[in-house]
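**Q**
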Amino acid sequence: MFERLFPRRAPTPEPLPQPNAQLALGALLVRVAFADKQYRASEVGQIDRILSATFGLKPLEAAKLRATCEALERHAPGTPEFAKILRDEVAYDDRKSLADAMWSVALADGERDDEEEEMLQEIENALGLSTEDIAMARQTALRRD
-12 MFERLFPRRA PTPEPLPQPN AQLALGALLV RVAFADKQYR ASEVGQIDRI LSATFGLKPL
48 EAAKLRATCE ALERHAPGTP EFAKILRDEV AYDDRKSLAD AMWSVALADG ERDDEEEEML
108 QEIENALGLS TEDIAMARQT ALRRD
């Protein structure tokens, strides 16, 4: 009865931060992991390791950053917008390294997936990587797997 008189209101969500290179990278890593509609613990762990190593974060800080990136990925701009931030703020050689990191997330669950590979192709193209560098990132990742 009271529920009808005084319905609960959903809390107002906190606004998402403006994407920067750090958040854009994290969001793209999450996007790769979600591409196959499964978000496995192995992928989450790999994202945390990448964020920790790339930005010098402690494990808890990396997990918090990933959680922010997960929310940003769900509600923020598309892949081209995130990639543009990285193209504008990250040197080409470092973007090549990002492609390697994204492949490591896609393969973290031990399975190759067409949706993840399509997402990777889209991201690598949006990052402005050459066809040769995209092929090299793919070969390197598949050799490790």
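Counting from 1, position 118 in the sequence shown corresponds to residue 105 in this note's numbering; the numbering is continuous, with no gaps. Glycine residues also receive a C-beta, built at the ideal position from the N, C-alpha and C atoms.
1. In terms of alpha-carbon separation, which member of PRO67, ALA58, LEU94 lies closest to GLN33?
2. For PRO87, does the three-state DSSP call read helix, strand or coil?
3. For the alpha helix (DSSP H) containing ARG74, name the first residue and the last one.
4. Please confirm whether GLU109 and ASP23 have their CB atoms less than 8 Å apart.
5. Three-state secondary structure (DSSP) at SER29?
6. Quick one: residues in its chain with C-beta nearer than 7 Å to the C-beta of SER29, no 5 flanking neighbours on either side, listed in chain order?
7. Could you have a look at ASP23 and say whether DSSP puts it in helix, strand or coil?
8. Quick one, are the C-beta atoms of ALA128 and GLU111 less than 8 Å apart?
9. Taking the alpha-carbon positions, what's the VAL19 to ALA86 distance?
10. Grouping DSSP H, G and I as helix and E and B as strand, with all else coil, what is GLY13?
11. Of all the options CYS56, LEU12, GLN5, which has the alpha carbon lying nearest to the alpha carbon of LEU107?
**A** A quick look at the data gives this:
1. LEU94
2. Reading off the sequence, residue 87 comes out as Asp, not Pro. Of the three classes helix, strand and coil, the one that applies to ASP87 here is helix, per DSSP.
3. Its alpha helix (DSSP H) spans residues 66 to 76.
4. no
5. SER29 falls in the helix class under three-state DSSP.
6. Within the same chain, SER29 has close Cβ partners ALA95, ASP96.
7. Collapsing the DSSP output to three states places ASP23 in coil.
8. no
9. 11 Å
10. Here GLY13 sits in helix by DSSP.
11. When only C-alpha atoms are compared, the closest one is LEU12.
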